[in-house]
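Those protein sequence lines, which keep their order, are chains A and B.
Start counting the first sequence at 1; every next residue gets the next number (the numbering used here).
Start counting the second sequence at 1; every next residue gets the next number (the numbering used here).
Ideal placement from N, C-alpha and C gives every residue a C-beta, glycine not left out.
Number of protein chains: 2
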Amino acid sequence: MTLIEQVYESIREAIVLGRYAPESRLKAQHIKDDYGVSGTIIREALNRLISDGLVIANDRRGFSVAPFSAEDLADIIQARLLIEVDVVRQSVEAGDDDWEMALVGAYHGLDKQEQAVDIENEASLRALETANRAFHDQLGAACPSATLRAFYNQLFTRHYRYRRVALREQAILTAAREDHKTLLDAALKRDAARATEITRTHILRTQKFSDRLISAFAKTPTE
Amino acid sequence: MTLIEQVYESIREAIVLGRYAPESRLKAQHIKDDYGVSGTIIREALNRLISDGLVIANDRRGFSVAPFSAEDLADIIQARLLIEVDVVRQSVEAGDDDWEMALVGAYHGLDKQEQAVDIENEASLRALETANRAFHDQLGAACPSATLRAFYNQLFTRHYRYRRVALREQAILTAAREDHKTLLDAALKRDAARATEITRTHILRTQKFSDRLISAFAKTPTE
DNA sequence: ATTCTATTTTTTATCGATATTTTTGTTGAC
DNA sequence: GTCAACAAAAATATCGATAAAAAATAGAAT
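This is the structure:
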């Protein structure tokens, strides 16, 4: 694994988890010391993060963390509604037996984490998110369009910045768990209409908490 | 304008116009001589081109030009159908007076190029494409979702790699010209349904030529 | 002739230093 | 006290060189 990759992953995580505050500037000169690498590496990693919509390049003024706002969240949710619904529909329609098996497996892994989750425990929440992502990825994996899947990926990551705050709500977790079960059932029955409907509801669930999410994050220590 | 930006633009154009053959490797060491800059600059420019879907990063094996294939074209068209249709719908519904004025202006510019176009003349075709893009950009400009507009942008550029071959067909140009006129009318009347319908047809028009496009490009000199 | 290994060449990833640009801070005039 | 002009400091963009890795080549052994 190349150094750039490692740094890229680290910075991405730092942004997603809010360790680099939204809209704060990412100064290569400063960051390089955190990772003990050259400034060039940081710059390359930041350039790649632009693709993910997590970093913004300001001409001659370096890079900064993408904003974190109610509008941004609304934008993400809206785009997800359009794209992910289509990805799921196509995937459910096109998935073969191997896909089914992998999906059942991913669901099992997710279910386990959902049972065991401890809201107070950061590591537990992280494990839950990993399993959650794996399940949703697998749900869309059979979609033939690589482009749509790439878009979906970007949106999923960007959305996680907001969702992780919501994960602390027991009500959300319970509701999400229901969704996942229903999603699996619909997918296995090849009921694309049902699967897309649940996907919609599932995505919209965080929206209700929008305001609370934003203000909760605003309290995160800056820089 | 920063050096990276300039090199980025140049390489992008080179890829879109096929001067760097699809799937060929982009060797920083070699390219840097073409532009008289350091290897770092090339690498950074290439990293940014990943966002545009024109360049692919191969771990420890540098970068290469994105593939050019019937599947890729089908993928692009499919994604455009989903995303651009939505962008246009939202834009037509949300556009204000300023937007209308700018749209009429862009249409005028496009119409002029369409009248004057000379299929044999490369500069003329390029001017046409610039005007074409400006018109379509403006058509979607009032869509409130920055994310969807960004996706649309990427797809438009990727699609152009294929479309530019089709531009040499008089039949396509004539049909496209009709589309544009109808699009403008529908947009001004705020007839979103009509506008999206035409957008659909417009996007699909190149698909018929798919096979011919691919083989025409295959004849392009490789590296 | 084919496969395996060792060696050379090419290419990539990475570094540390420097020129340029932006930001910050200070002083002096109105 | 505000503004402008200038000087100092910080940050960015850029370079050229090097270490590490991959690809190409050549030679030996089956």
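query, result
"C-beta neighbour in chain B for residue 60 of chain A, strict 8 Å", "yes"
"Alpha-carbon spacing of residue 140 of chain B relative to residue 130 of chain B, whole angstroms", "16 Å"
"Members of the segment 133–148 of chain B near chain A, C-beta cut-off 7 Å", "145, 146, 147 and 148"
"Cα-Cα separation between residue 81 of chain A and residue 205 of chain A, rounded to whole angstroms", "12 Å"
"Sequence-distant residues of the same chain with beta carbon closer than 8 Å to residue 172 of chain B, five excluded per side", "166, 205, 206 and 209"
"Min CB distance residue 78 of chain B to chain A below 8 Å", "yes"
"Per-residue DSSP class, three states only, for residue 87 of chain B", "helix"
"Close-in-space but distant-in-sequence residues of the same chain around residue 63 of chain A (CB under 6 Å, 5 per side omitted)", "26, 46, 55 and 57"
"Beta-bridge pairing of residue 26 of chain B - partner residues as DSSP gives them", "B:63"
"Reference residue 94 of chain A; option with closest CA among A:202, A:178 and A:188", "A:188"
"Exposed unless 16 or more other CB atoms sit within 10 angstroms - verdict on residue 174 of chain B", "exposed"
"Residue 68 of chain A: contacting residues in chain B (beta-carbon distance under 9 Å)", "Within 9 Å Cβ-Cβ: nothing; residue 68 of chain A doesn't reach chain B, min ~14 Å."
"Beta-carbon proximity of residue 88 of chain A to residue 157 of chain A, cut-off 8 Å", "no"
"Near the ligand MG: residue 111 of chain A beta-carbon under 7 Å from a heavy atom", "The ligand MG is not among the ligands present in this structure, which contains no ligands whatsoever."
"Coil, strand or helix - residue 57 of chain A by DSSP", "strand"
"C-beta contact flag for residue 35 of chain B and residue 69 of chain B at 8 Å", "no"
"8 Å contact criterion, which residue 117 of chain A and residue 125 of chain A should meet: CB distance rounded", "7 Å"
"Where residue 199 of chain A sits in the DSSP three-state scheme", "helix"
"Chain-order list of residues whose beta-carbon lies under 8 Å from that of residue 134 of chain A (same chain, five-residue window excluded)", "106, 109 and 110"
"Alpha carbon of residue 44 of chain A to alpha carbon of residue 182 of chain B, nearest angstrom", "45 Å"
"Euclidean distance between Cα positions of residue 99 of chain B and residue 186 of chain B", "14 Å"
"C-alpha distance - residue 138 of chain B paired with residue 192 of chain B, whole-angstrom precision", "15 Å"
"Candidates A:149, A:169 and A:3: closest to residue 90 of chain A by CA position", "A:149"
"Contact residues within the segment 148–182 of chain A, judged by C-beta distance below 7 Å to chain B", "148 and 151"
"Contact set for residue 23 of chain B: own chain, Cβ-Cβ below 7 Å, skip 5 residues either direction", "64, 65 and 67"
"Chain-ordered chain A contacts of residue 86 of chain B [CB-CB under 7 Å]", "82"
"Residue from A:119, A:184 and A:163 whose Cα sits closest to the Cα of residue 101 of chain A", "A:184"
"Residue-chain proximity (residue 12 of chain B, chain A), Cβ-Cβ < 8 Å", "no"
"Chain A contact residues for residue 75 of chain B, given Cβ-Cβ distances below 7 Å", "145, 146 and 147"
"Residue 142 of chain A in three-state terms, based on DSSP", "coil"
"Chain B contact residues for residue 43 of chain A, given Cβ-Cβ distances below 7 Å", "44"
"Separation of residue 213 of chain A from residue 37 of chain B, as counted between CA atoms", "46 Å"
"Span separating the alpha-carbon of residue 20 of chain B from that of residue 49 of chain A", "25 Å"
"Residue 149 of chain B, DSSP secondary structure in three states", "helix"
"Residues near residue 104 of chain A by beta carbon distance below 8 Å, same chain, minus five either side", "184 and 188"
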